[in-house]
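> Input: one structure, supplied below.
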Ligand code: MF3
Ligand code: CO
């Protein structure tokens, strides 16, 4: 069941999203060669706590950290640790915060130092595909409009959409109905109405779409070891169109 949010609830959720975006921005500014992923995670956790919120991934299904930090061929759910970021890496960071019972969720891929033009283009296309999807998050449309906008943008540029993982509704839970796949057919799926809040999150591979999970039971990598990028916003559908909620100060 899709849970619609009232204006009052959206206001609280906006705060959770602002904090989520602030933490993501902070990590983004700290990504550089030599820093460990655990150091980045700690920065985000301290920021979220300082804002009176809590990291919402921590302990979710036993997940051990604030952020998921996934490097190069890692798609999502990389666990922060002692690994040092290297020059040329692309670093996907996904995190969120819960504030007064409401959740925010966002992700972005950052460059460590100088990266290859190919990696830069993958990041650009993935970010752009998120905005193509967000444009379709409008009253009167359907979930499939968002999904197909992302898919067609990405595939026209020679990349692949990950299918095993999808975006989602979000609110008093991190994951709510409906699912928001990054592939699909326009005009299909449930109707979009004001009060819906969606986490839209294309995960895009430079090579083939296949992924697998490593023995740590979390880290998802590309089957062909190609690079992968990930961008996510929490978005509200309003009478005036899509509102991106995960915006930092
Ligand atoms: N980042 C995922 C999402 O966007 C959730 C992470 S699962 C966790 O839906 F366990 F790592 F928290
Ligand atoms: Co999400």
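In my numbering, the protein residues as written are 2 to 250.
We treat Cβ as the ideally placed atom computed from N, Cα and C, and that holds for glycine.
Small disclaimer: the values here were computed from a predicted structure and weren't measured.
Where does the unbroken beta strand (DSSP E) through residue 72 begin, and where does it stop?
Element bounds for residue 72: 68-72.
> Using a threshold of 8 angstroms, is the CB atom of residue 46 nearer than that to any non-hydrogen atom of the ligand MF3?
No, the ligand MF3 has no heavy atom inside 8 angstroms of this Cβ.
> Under 6 angstroms Cβ to Cβ from residue 59, same chain only, skipping five residues before and after it: list those, please.
Within the same chain, residue 59 has close Cβ partners 67.
> What number of angstroms, rounded off, separates the C-alpha of residue 23 from the C-alpha of residue 173?
For residue 23 and residue 173, the distance between alpha carbons rounds to 20 angstroms.
> Are the stretch 37-46 and the stretch 177-184 in contact at 8 angstroms, needing three or more beta carbon pairs?
No contact exists between the stretch 37-46 and the stretch 177-184.
> Secondary structure at residue 177, three-state DSSP: helix, strand or coil?
Three-state DSSP puts residue 177 in a strand.
> Going by DSSP, what residue range makes up the alpha helix (DSSP H) through residue 192?
Element bounds for residue 192: n/a, residue is neither H nor E.
> Per the DSSP calculation, residue 100 is bridged to which residue(s)?
Answer is 103.
> If you follow the alpha helix (DSSP H) that residue 117 is in, where does it begin and where does it stop?
Taken as a continuous stretch (DSSP letters only), residue 117 belongs to no alpha helix (DSSP H), as it is neither H nor E.
> What distance in whole Å lies between the Cβ atoms of residue 84 and residue 248, which are believed to be in contact at a cut-off of 8 angstroms?
Not confirmed; about 30 angstroms, so no contact.
> Do the CB positions of residue 75 and residue 229 come within less than 9 angstroms of each other?
Yes, the Cβ-Cβ distance between residue 75 and residue 229 is below 9 angstroms.
> Which word fits residue 186, buried or exposed, when buried means at least 16 other C-beta atoms lie within 10 angstroms of its C-beta?
Its Cβ having fewer than 16 others within 10 Å, residue 186 is exposed.
> Check whether the Cβ of residue 25 sits closer than 8 angstroms to any heavy atom of the ligand CO, and report yes or no.
Because no heavy atom of the ligand CO lies under 8 angstroms away, the Cβ of residue 25 does not count as near it: no.
> Leaving out five residues on either side along the sequence, give the residues of the same chain with a beta carbon under 7 angstroms from the beta carbon of residue 110.
Once the five neighbours on either side are set aside, the close Cβ partners of residue 110 are 91, 92, 93, 124, 127, 230, 231 and 232.
> On a CA-only basis, which of 26, 78 and 170 is nearest residue 217? Give me that one, please.
Comparing Cα positions, the closest option is 78.
> Pop quiz: residue 97 and residue 62 are said to be a contact at Cβ under 8 angstroms. What is the actual Cβ separation, rounded to whole angstroms?
Not really, about 14 angstroms apart at Cβ, beyond 8 angstroms.
> So, helix, strand or coil for residue 226, using DSSP?
Residue 226 falls in the coil class under three-state DSSP.
> So residue 100 and residue 17 are in contact, right, with Cβ under 8 angstroms, and what is the actual spacing, rounded?
Residue 100 to residue 17, Cβ: 4 angstroms. Contact.
> If we ignore side chains and look at the alpha-carbon of each, how far apart do residue 46 and residue 189 end up?
Taking the straight line from one Cα to the other gives about 39 angstroms.
> Between which residues of its own chain and residue 28 is the CB-CB distance below 7 angstroms, once the five residues before and five after are set aside?
The answer, listed in chain order, is 41, 44, 45, 68 and 94.
> When we look at the beta-carbon of residue 237 and count the other beta-carbons within 10 Å, is it buried (16 or more) or exposed?
Burial call: buried.
> For residue 85, write down the residues that DSSP places opposite it in a beta bridge.
According to DSSP, residue 85 bridges with 37.
> If you draw a straight line from the alpha carbon of residue 198 to that of residue 54, how long is it in whole angstroms?
When rounded, the distance between both Cα atoms is 19 angstroms.
> Using three-state DSSP, classify residue 215 as helix, strand or coil.
Coil.
> To which residues of the same chain is residue 71 closer than 6 angstroms at the C-beta, ignoring the five residues directly before and after it?
Hits under 6 angstroms: 77, 79 and 93.
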